[in-house]
Structures are given as structure tokens and as C-alpha cells.
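> Residue numbers (the numbering used here): 2 to 279.
Supplied in C-alpha cells, the structure appears directly below.
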């Protein structure tokens with residue numbers, strides 16, 4: 002029992018030390034005759050972590066392509082909303098992207114559309130160039146590029162180490178002899194697997210952001226703000242009806258005071274008549 006718990010604790014501590022320093026753990030033999038002391042194992046962990054950091058840095062500098070997230074926003078005026086939207090949709094299909102949102106808004110002086118497009122990163126520049134044809138000027142144009150290579154490598158390295166630790170736990174589980182030992186190892190294994198799923202989710206999200214760039218496109222058409230005589234009459238009737246409704250609602254809200262006012266007025270007139278008769 003103590004032997005199994007010792008193996009679980011040592012694996013957890015080795016993994017914790019390695020994660021803090023981006024270590025690249027090699028396969029370790031956890032047989033009982035090789036576990037001399039926790040101090041010696043901790044020293045070995047630090048040594049491997051240092052070597053792992055050097056190796057990771059060398060890989061980043063030499064062979065790994067950068068992980069870049071590219072996002073953009075453009076806004077411009079158009080004379081034909083339908084044609085502009087058709088051009089955007091056609092190019093989205095051509096470059097194998099997709100539209101994540103599409104909204105339209107109408108005000109007194111303009112009709113505008115806002116479309117969020119996800120485009121494969123390698124096609125972002127040519128897609129932007131295609132939809133920009135015929136645009137006289139941009140009201141707003143902003144392109145951002147964020148380098149997440151270091152963050153990507155860090156998450157990838159942590160995931161790799163967690164999966165190695167999962168294999169260690171499975172080895173320990175095979176050596177467990179009592180129900181108590183099995184439950185203890187499975188509890189730690191369950192926690193680790195939840196952590197692995199969370200890390201895989203973060204890595205998947207980051208990979209998606211790198212693979213697909215986001216472009217927010219806003220385009221609008223100005224409309225002449227001219228109100229006809231007939232429309233003014235119609236709006237006048239509408240406003241008058243609304244004011245009449247508001248008046249009746251106001252009267253209903255103060256009906257107790259109206260009744261009291263009539264009663265006071267009636268008593269006052271009655272009192273004056275009696276006084277005149279005298």
C-alpha cells in the first residue's frame with residue numbers, strides 16, 4: 002500500500018516540477034529497486050527539466066513554423082448592398098471559409114450589413130484583396146497579427162507530459178494489489194484525465210484560431226432622408242393618437258383626485274347657495 006502511494010506521489014511531484022520548467026520527460030523506470038530516495042529523484046527531475054528547456058528552445062528557433070493569429074476589420078460604403086453581399090459570399094465559398102454571423106441594420110439615413118467571416122489563414126490576404134475590388138475608400142481598415150508560437154508550444158509540451166504521466170499511472174495501477182490501492186490510483190488518474198481533456202480543448206481552440214483568420218466586414222448604403230407630405234400627415238395622425246392614449250392613461254392614473262375634486266366643488270357650490278338664500 003505504501004509502495005503504491007509512494008509511486009503516485011513521486012510521479013505527481015516529478016510532473017509538477019517538469020511542467021513549471023517545460024521539461025521533456027524521458028521514459029522512467031519506476032521499479033522499487035530504482036527508487037532510492039525522493040531527493041535523488043527530484044534532482045534528476047530538475048536536471049531533465051533543464052535539458053528539456055534547452056531542447057525546446059532549439060526546436061523553436063530551428064524547425065518550427067510560427068503560429069500566427071490574424072484578425073481584421075473593414076468598413077466601407079457601397080452603392081449596391083445585394084451585389085456586395087453576393088461578392089463576399091462567392092469569395093467565402095471560393096476560399097473554403099464560412100460565415101459565423103450575418104446582421105443587417107436599417108436607420109433613417111442608411112442600411113448597413115455586418116458579416117463575420119472565417120477564412121483559412123493562407124487565403125486571408127487574397128480574400129481581402131478580392132472583396133476590396135471596386136471600393137473607392139475604406140472608412141476603417143484594421144488588420145492585427147498575434148504570434149502565439151510560445152503559447153502553442155507551452156500547451157503542447159504540457160499535454161505531452163501529462164500523457165506520459167498518465168502512462169505512469171497506468172503502470173502503477175497494474176501493480177496495485179488491494180482495492181484501496183486501486184481506488185487511490187484511479188482517483189488520481191481521473192483528475193489527470195480531466196486535466197488532459199481541458200488542455201486538449203485549449204490546444205484545439207488555439208489551433209482553430211491559427212488555422213482560420215477572422216474578418217469583420219461592415220458595409221452600408223446611404224439613403225436620401227426625404228419625407229413626403231403624405232407621410233408627414235400619416236405620422237401626425239399616429240402621434241396624435243399616441244398622445245390621446247397617453248392622456249387617457251394619465252386621467253386613469255389620477256382618478257381618485259378627480260373624484261375628490263368634484264366632491265369639493267359640489268360641496269362648495271352647495272354652501273354658496275345656502276349662504277345666498279339666507
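From the three backbone atoms N, C-alpha and C, an ideal C-beta is built for every residue, glycine too.
All of these numbers come straight from a predicted model, not from anything done at the bench.
Check whether the Cβ of residue 247 sits closer than 6 Å to any heavy atom of the ligand ZN, and report yes or no.
The model depicted lacks the ligand ZN and carries no ligand whatsoever.
> Tell me whether residue 260 sits in a helix, a strand or coil according to DSSP, three-state version.
Taking the first residue of the chain shown as position 1, residue 260 is located at position 259. Three-state result, residue 260: helix.
> Do residue 200 and residue 115 have their CB atoms nearer than 7 Å?
On the chain shown, position 199 is the one that residue 200 refers to. On the chain shown, position 114 is the one that residue 115 refers to. Contact: no.
> Is residue 182 buried or exposed, if buried means 16 or more other CB atoms sit within 10 Å of its CB?
Reading the chain shown from its first residue, position 181 is the one you call residue 182. So residue 182 counts as buried.
> Name the DSSP beta bridge partners of residue 69, please?
The count along the chain shown starts at 1 and reaches residue 69 at position 68. According to DSSP, residue 69 bridges with 148.
> Got a sec, what are the start and stop residues for the alpha helix (DSSP H) residue 185 sits in?
For the purposes of this step, residue 185 is taken as the residue at position 184 of the chain shown. Where residue 185 is concerned, the enclosing alpha helix (DSSP H) stretches over 180 to 212.
> Are there three or more Cβ pairs, one per stretch, closer than 8 Å when the segment 101 to 115 is compared with the segment 124 to 132?
no
> Label residue 188 either buried or exposed according to how many other C-beta atoms from any shown protein chain fall within 10 Å of its C-beta, with 16 as the threshold for buried.
One-based indexing of the chain shown puts residue 188 at position 187. Label assigned to residue 188: exposed.
> What would DSSP say about residue 247, mapped onto helix, strand or coil?
Taking the first residue of the chain shown as 1, we reach residue 247 at position 246. Of the three classes helix, strand and coil, the one that applies to residue 247 here is helix, per DSSP.
> For the alpha helix (DSSP H) containing residue 122, name the first residue and the last one.
Taking the first residue of the chain shown as 1, we reach residue 122 at position 121. Element bounds for residue 122: n/a, residue is neither H nor E.
> Quick check: residue 162 and residue 132, are their CB atoms within less than 7 Å of each other?
Stepping through the chain shown from its first residue, residue 162 is reached at position 161. Stepping through the chain shown from its first residue, residue 132 is reached at position 131. Not in contact: residue 162 and residue 132 (Cβ atoms no closer than 7 Å).
> Using 10 angstroms around the beta-carbon of residue 191, count the other beta-carbons present and answer buried if the total reaches 16, otherwise exposed.
Residue 191 sits at position 190 when you count from the first residue of the chain shown. So residue 191 counts as exposed.
> Pick helix, strand or coil for residue 78, following the three-state DSSP scheme.
The sequence position of residue 78 within the chain shown is 77, counting from 1. Assigned with DSSP and collapsed to three states, residue 78 falls in strand.
> Considering just the uninterrupted stretch of the beta strand (DSSP E) at residue 99, what are its terminal residues?
Reading the chain shown from its first residue, position 98 is the one you call residue 99. First-last of the beta strand (DSSP E) with residue 99: 99 to 107.
> How about residue 77 and residue 155: do their beta carbons lie closer than 7 Å?
Position 76 of the chain shown, counted from the start, is the residue given in the question as residue 77. Position 154 of the chain shown, counted from the start, is the residue given in the question as residue 155. Not closer than 7 Å, so no.
> For residue 206, which option in 172, 177, 157 and 184 has the closest C-alpha, if you only look at C-alpha atoms?
Along the chain shown, one-based indexing puts residue 206 at 205. Checking every option, the nearest Cα to that of residue 206 belongs to 157.
> Under the three-state reduction of DSSP, which class applies to residue 138: helix, strand or coil?
Numbered from its first residue, the chain shown carries residue 138 at position 137. If DSSP states are grouped into helix, strand and coil, residue 138 belongs with coil.
> Taking just the CA atoms, how far does residue 153 sit from residue 197?
Along the chain shown, read from residue 1 onward, the residue named residue 197 stands at position 196. Along the chain shown, read from residue 1 onward, the residue named residue 153 stands at position 152. Using only the alpha carbons, I get a separation of about 15 Å.
> Helix, strand or coil for residue 170? Go by DSSP, reduced to three states.
Taking the first residue of the chain shown as position 1, residue 170 is located at position 169. Helix, per DSSP.
> Using the beta-carbon count (16 or more within 10 Å), is residue 170 buried or exposed?
As a first step, residue 170 is located in the chain shown; it is residue number 169 there, counting from the start. Result: buried.
> Nearest-angstrom Cα distance between residue 102 and residue 237?
The count along the chain shown starts at 1 and reaches residue 102 at position 101. The count along the chain shown starts at 1 and reaches residue 237 at position 236. For residue 102 and residue 237, the distance between alpha carbons rounds to 38 Å.
> Please go through the same chain and pick out, in chain order, the residues whose beta-carbon is closer than 8 Å to the beta-carbon of residue 164, but skip the five residues on each side of it.
Working through the chain shown from its first residue, we reach residue 164 at position 163. Cβ neighbours of residue 164 beyond the five flanking positions: 197.
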